[in-house]
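Here the structure is laid out as structure tokens; the discussion comes afterwards.
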Amino acid sequence: MTGQHDSLSPNGGNMRKSRRLVGQPLLYALTCFASLGVFLFGYDQGVMSGIITGPQFQAYFKQPNRNQIGTMVAILEVGAFITSIASGRVADIIGRRRTLFTGACIFVVGGAIQTFTTGFEVMVLGRIVSGFGVGLLSTIVPIYQSEISPAEHRGKLACIEFTGNIFGYASSVWIDYFASFLEGDWSWRLPLFMQCVIGGILAAGSLLLPESPRWLIDHDFLDEGRKVISDLHGVDLDDVKVTAEFDEIKDMVEKDRLVGDRSYLAMWRQYRQRVLIAMSSQAFAQLNGINVISYYAPMVFEQAGWIGREAILMTGINGVIYVLSTIPTWYLVDVWGRRAILMSGAAVMAVALTATGWFMYVDQIYTPNAVVVCVIVFNAAFGFSWGPIPWLYPPEIMPLAFRAKGVSMSTATNWLFNWIVGQVTPTLQEVIEWRLYPMHAFFCCCSFILVYFLYPETMGIPLEEMDVVFGEERPTNDDDDSETSSLVRGRHRTYDSPAGSRRSSPAPNQTWLGSIFGRRKTGDAYQAVPSEGDHA
């Protein structure tokens, strides 16, 4: 049966010999390239913010009103919502890599329709088709990342991936800015066309990506799965690490099959708490106000006093700082933990949004500069916290049998609230004006409270041991390991028993920031499975 799956590898059965990158270099290369998937929907979120204020765009669409602008911007989320619901099932059937390829191809088609649009209706069609692609990409990339990442680097790699999303947003703003100097319709068609170029690169490159070893083994492509594990470890196929990792994944797959019903309804009945937490993380990522800035930053700056191209320039500067703000999280997410980062970010965002509303309310000579500072602080706090963590958290807390479906539900929630915020923001900016920003500050406060009381800490905990974090029964086999917790790790592990291997993972430490922002909730009870060496 394994021979039927040769098309999943770049050179069929000779994949292991042909791959030049192995081990950690391969893992980081896969992370960076897969980040193109989130780069695309970051680009698509930002590209409209600059062109909707351009005079050529306004003239071509005959001075669109606020509702029309809101529809053109936010209709993408409708398409993304639809496919993100279905993407969990799709990814389980055709695989992670093929889902990535399909999403990229659909995105290219949508970008082409937008580029060569002949009017409002065609633009809306192009946006919703792009949304279909974005829904697949935004679901599959976090799943793929979690299934190839070792536990101790899982947070860092997911945050690197999110930086790709923000880099896409920032790139779109700067392309908008430079294209604004062009004459005629290409001042807004060129930024839209760049979607096709980047999507084409992702589609072509995805054909060279290895499939998730967990998906391969789950579908009985055992030889291919072993080869991918070998590449991720950077060792030979018959190495003891590969054998142990392969056996562990295979054992977990066999246990997963005993679950029986893997429907969405079964997931809801068995893991309602986890599903609601995953969905709430994505809902508050939008309710906290980021899309007021991402989609409508030039309009916000114009409202504050910056006019025309200057508003796009301020948005571009803000985008650069936004990208830089995501980098510290690479190193802190596996030190401070998820909870402390989310709560600290929510606190800073609430203050920044409240200040934004205040400065617009007083409307003094210093208001334009003050609003720029507040928006930059807000974006930096979001990029540090509520930007990356809601994409990392759902794949971590969902069990293996329901991971794809659980992530699809959380991603669908993201796009639903994304659409709601994008659709109503132009109207709210006009009707309630400065009060819009304190309103989102209130949601930031709500998210702080939610995380403090309900979100367990997952830092450093292997995926299969999340049952303990949620107060559920520990798996009976203490030799079980996460399907990827030891990949390219080379430490915390011994291979001294013919029957298998044992892992020694350090228990997550409570840091000073974690102490300030509260207890770990149910995660406090987690203790890593000890190894024989720990008792020596």
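Here the numbering used here is used: position 118 in the sequence shown is 98, and no number is missing along the way.
Don't be surprised by glycine CBs; every beta carbon is placed ideally from N, CA and C.
Could you have a look at residue 62 and say whether DSSP puts it in helix, strand or coil?
Under the three-state reduction of DSSP, residue 62 is assigned to helix.
Candidates 27, 383, 373 and 325: which alpha carbon is nearest residue 159's?
Ranking the options by Cα distance to residue 159, first place goes to 27.
Beta-carbon gap between residue 171 and residue 192 smaller than 8 Å
Not closer than 8 Å, so no.
For a quick check, are the C-beta atoms of residue 390 and residue 326 less than 8 Å apart?
No, they are not a contact pair.
Using a threshold of 7 Å, is the CB atom of residue 45 nearer than that to any non-hydrogen atom of the ligand MG?
With respect to the ligand MG, the structure offers nothing, as it holds no ligand at all.
Per-residue burial, residue 110 [other beta carbons within 10 Å of its own, 16 or more giving buried]:
Here residue 110 is buried, its C-beta having at least 16 other C-beta atoms within 10 Å.
Can residue 424 and residue 340 be called in contact, C-beta distance under 8 Å?
Result no, Cβ atoms of residue 424 and residue 340 do not sit closer than 8 Å.
Taking just the CA atoms, how far does residue 307 sit from residue 358?
A straight-line Cα-Cα distance of about 16 Å links residue 358 and residue 307.
Smallest Cα separation from residue 265: which of 343, 400 and 442?
Here the closest residue by C-alpha is 400.
Where residue 451 falls: helix, strand or coil (DSSP)
In this structure, residue 451 counts as coil in the three-state DSSP scheme.
Residue 333 to residue 352 span [Cα, whole Å]
Spanning the two alpha carbons is a distance of roughly 11 Å.
Below 8 Å between beta carbons: does that hold for residue 377 and residue 258?
Yes, the Cβ-Cβ distance between residue 377 and residue 258 is below 8 Å.
Based on Cα-Cα distance, which residue from 204, 221 and 260 lies nearest to residue 396?
Among 204, 221 and 260, the Cα nearest to that of residue 396 belongs to 260.
Using a threshold of 8 Å, state whether the C-beta atoms of residue 18 and residue 201 are closer than that.
No, Cβ-Cβ distance for residue 18 and residue 201 is not below 8 Å.
Complete runs of the alpha helix (DSSP H) confined to the region 299 to 329 [at least 4 residues]
Correct list: 307 to 312.
Could you spell out the range, first to last residue, of the alpha helix (DSSP H) harbouring residue 345?
First-last for residue 345: undefined, no H or E at that position.
Is it the case that the Cβ atoms of residue 79 and residue 70 are separated by a distance below 8 Å?
Yes. Within cutoff.
Pull up the distance between the alpha-carbon of residue 271 and that of residue 402, whole angstroms please.
C-alpha of residue 271 to C-alpha of residue 402: approximately 7 Å in a straight line.
Going straight from the alpha carbon of residue 103 to that of residue 55, what length do you get?
Distance between the alpha carbons of residue 103 and residue 55 is about 10 Å.
In chain order, what residues of the same chain lie with their CB nearer than 7 Å to the CB of residue 368, ignoring the 5 residues before and after it?
Exclusion of the five residues before and after residue 368 leaves 138, 139, 142, 306 and 309 as the residues of its chain whose Cβ lies within less than 7 Å of its Cβ.
Pick from 262, 293 and 416 that is closest to residue 365, judged by C-alpha positions
For residue 365, the closest alpha carbon among the candidates 262, 293 and 416 is that of 262.
Sequence-distant residues of the same chain with beta carbon closer than 6 Å to residue 335, five excluded per side:
Hits under 6 Å: 354.
Find the nearest neighbour of residue 74 within the set 50, 198, 437 and 135, judged by alpha-carbon distance.
Selected option, being the one with the closest Cα: 198.
Straight-line Cα distance separating residue 82 from residue 2:
The alpha-carbon atoms of residue 2 and residue 82 are separated by roughly 26 Å.
Measure the alpha-carbon distance for residue 223 versus residue 5 and round it to whole angstroms.
One C-alpha to the other measures close to 21 Å.
For residue 9, count the other beta carbons within 10 Å of its own beta carbon; 16 or more makes it buried, fewer makes it exposed. Which is it?
The residue in question, residue 9, is exposed, as its Cβ has fewer than 16 Cβ neighbours within 10 Å.
What residue from 268, 154 and 316 has the CA that sits closest to residue 295's CA?
Ranking the options by Cα distance to residue 295, first place goes to 154.
Same chain, Cβ closer than 7 Å to residue 93, five either side skipped, listed in chain order:
Taken in chain order, the residues that qualify are 102, 105, 106 and 109.
Using the three-state DSSP reduction, which class does residue 438 fall into: helix, strand or coil?
Assignment of residue 438 by DSSP, reduced to helix, strand and coil, places it in the coil class.
Hey, residue 167 and residue 36 are a contact pair by Cβ (cut 8 Å); roughly how many whole angstroms apart?
Cβ atoms of residue 167 and residue 36 come within 8 Å of each other, at about 5 Å.
Inter-residue CB distance, residue 15 and residue 144 (contact presumed, cutoff 8 Å)
Yes, residue 15 and residue 144 are in contact; Cβ-Cβ is about 3 Å, under 8 Å.
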